[in-house]
Structure formats: C-alpha cells, structure tokens
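Here is the structure we will look at, set down as structure tokens.
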Amino acid sequence: MGALLGLLLGTGLVLLASGGRRRPRVGPPAWSRRRADLLRQAGAAGVTPAQLAAVQLLAAGVTGVVLLAGTGSAGIAGCAGAMAAALPAAAVRRAARQRTADRRDLWPDAVDHLASAVRAGLSLPEALAALGERGPAPLRPAFAAFAADVRASGRLAGPLDRLRDRLADPVADRVVETVRMAREVGGSDLGPVLRSLSAFLREDARVRAELEARQSWTVAAARLAVAAPWLVLLLLATQPGTLAAYRTATGTAILLGGAAACAAAYRAMVRIGRLPAERRVLRAVPR
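Under our numbering, the residues of the sequence shown are numbered 509 to 795, in order.
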C-alpha cells in the first residue's frame, strides 16, 4: 500500500511539474519581432533585423578603426564607434516615426472610405480591396496586394493577416480585427463602429500634432546639449596635447563616464518627453 501511495504521489508531482512548464516559444525572439515591425513601419520591409545589426557592427568597426588610426586613443575610438553603431537604428526609428505620423493623418479618410463602401452594400473583401484604388495614396499598395491575395486564394483570413503585417500599424490591427469579427459573427454595427473609430483617430491626430509642435524645440535643444560635448571633443582632438591626455587610463575612464552619462541623460529625456503611442496588441502571436 505504501509503494502504491508513493507511486501515485510521484506521478502527481511529475504531472504538476510538466503542466507548469512554459511551452517553448516558436519563432523569432521578441527583440527581432520589434525590429521587424520597426523596419516595416519605416518602409524597409526588405531589410531583416540581422542585416540592420550587421550594418550597425560595420559602422562601429569602420568608425572605430579610422579614429583609432587617426587619434591613437582607444577611448575616443570606442565612444565614436558606439555612437556610429547607434546611428543606423536611430535613422530607422526616425523614418518609422515620420512615416507613422504621415499615416496618422491618412487613416481617418481610409476608415471613412471603408465605412462608405460598407454602407453602399459592398462585401467586406470588396470594401477593403476598394481602398487599393480609391483610398489614400500611401496606403493603396498594401490594400491592392490584399485584393490580389483574396483573388488568388479565395479566402479572407490569410490575406487579412498579411495585410496587417504589411501595414504594421496599430490602427490597421484594429481595422483588420474589426472586419474579421464582423465577417465571422455578423452584425449591423460595423458602420457605426468604423465612423466612431474615424472620429477618434481625427481627434487623436489633432491633439498629438499640437503636443508635438509644442515640445519640438525642447527635444531639439536636449539633443544639441547631448551632442555638444562630443563636437567639442572632436575639435580638441586636433591638438596633440589633448590626444595625449585621453590616451591615459584616466582619460579613457573620463570618456567612458561621459559617454555613459550622456546616454543615460538622453534616454531619460526621450522617456520623459515621449508621447504615449499605441501598441500592436492585436497582432498574431507565434505558436
């Protein structure tokens, strides 16, 4: 009897341990998905996160080697290489922000077109495909590709997922999931929901544009304050005495400390001044 109880207890513990394990994640890691979204938002869908990382490493290596050969200071070369490595990602983020801001003003019109097409009696695939011809010009290629996908497959679920991936936009996620739900469960509330979404998007774009205009000069001044010490350092690096000072261990430590302080201050400035942005919470999760 005791052996049977021990066997049952051991079996129960094994089942509890196996049930508590997380299912292994299939697909790319979180940072890779975030970078892929960022590249799509920047209009560089053909570039992979690995290629962007390779460009960053190349920029850091070339800049570090050139400055090390020119100044002989490993500290200056290392700091410059780190800054050069951050430039490609910063350029991608800037392009993504600019493209997202441009699209923010287009989505209300696109949603209005979609609501008008639904009210006119078009089916949901036809209403979405019509945006490839009569929607805002920057959004037309994605919806035209969606129309081609629907014609080729005869289905809606797969083309909707690919449309969401092409646009890589929180508003697109919301519109796609609204259309998917209306397609699956039916209902007559799609038109009012789309019109309410359009009104909300217009108000959000107006408020966000006003806030960005008010804080733009503050952000520009903060960026200049971060960049100014390094511009002065580059000018001082033309003097042999300055280079000799920064070749020492103390000079290298000062450079590294200054770089860490500038990076921390810039990150704090960006986090404090960042406006809340919608996240892509409705996208498909890898299984």
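Cβ coordinates follow ideal geometry from the N, Cα and C atoms, glycine included.
Query                                                                                                                                                                    : Result
Applying the criterion that 16 or more other CB atoms from any shown protein chain within 10 Å of the CB defines a buried residue, is Ala550 buried or exposed?          : buried
How is Gln606 classed by DSSP in three states: helix, strand or coil?                                                                                                    : helix
Where does Arg782 sit, in a helix, a strand or coil, going by DSSP?                                                                                                      : coil
Give me the Cβ distance between Pro644 and Asp617, rounded to the nearest whole Å; I'm assuming they're in contact under 8 Å.                                            : 6 Å
When burial is assigned at 16 or more other CB atoms within 10 Å of the CB, is Ile584 buried or exposed?                                                                 : buried
Can you look up Gln564 in the DSSP assignment and give me helix, strand or coil?                                                                                         : helix
Where are the alpha helix (DSSP H) runs, 4 residues long or more, that stay fully inside the stretch 685-744, in chain order?                                            : 698-744
In its own chain, which residues sit with a C-beta less than 7 Å from the C-beta of Leu751, not counting the 5 before and 5 after it?                                    : Thr579, Gly580, Ser581, Ala745
Express the C-alpha separation of Gly781 and Gly699 in angstroms, rounding to a whole number.                                                                            : 36 Å
According to DSSP, is Thr556 part of a helix, a strand, or is it coil?                                                                                                   : coil
Helix, strand or coil for Ser661? Go by DSSP, reduced to three states.                                                                                                   : helix
Tell me which residue opens and which closes the alpha helix (DSSP H) that Ala544 is part of.                                                                            : 538-549
Let's test the definition: count the other Cβ atoms within 10 Å of the Cβ of Gly572 and tell me whether it reaches 16, buried, or not, exposed.                          : buried
Tell me the DSSP secondary structure of Ser631 in three-state form.                                                                                                      : coil
Does the beta-carbon distance from Pro667 to Asp657 come in below 7 Å?                                                                                                   : yes
Alpha helix (DSSP H) containing Leu751: first to last residue?                                                                                                           : 748-754
Take Ala603 and list the residues in its own chain whose beta-carbon comes closer than 6 Å to its own, dropping the five residues that flank it on each side.            : Ala550
Evaluate Trp725 with the Cβ neighbour count: other Cβ atoms within 10 Å of its Cβ, from every protein chain shown; 16 or more gives buried, anything less gives exposed. : exposed
Go ahead and label Pro748 buried or exposed: buried means 16 or more other beta carbons lie within 10 angstroms of its beta carbon, across all protein chains shown.     : exposed
Helix, strand or coil, according to DSSP, for Gly580 in the structure here?                                                                                              : coil
Let me make sure I understand the geometry here. Which of Arg779, Asp620, Ala652, Leu742 has the alpha-carbon closest to that of Arg633?                                 : The question names Arg, but residue 633 in the sequence shown is Pro. It is Ala652 whose Cα lies nearest to the Cα of Pro633.
Taking 7 Å as the threshold (C-beta atoms), are Tyr774 and Val740 in contact?                                                                                            : no
Here's a check: name, in chain order, each residue in its chain whose Cβ is nearer than 8 Å to the Cβ of Arg670, leaving out the five neighbours to either side.         : Ala653, Phe654, Asp657
Is it buried or exposed for Ala665, if we count other Cβ within 10 angstroms and need 16 for buried?                                                                     : exposed
In this structure, how does DSSP classify Leu512 when only helix, strand and coil are distinguished?                                                                     : Here the model assigns Leu512 a pLDDT of 46, short of 50, so the residue's position is not dependable and the matter cannot be decided.
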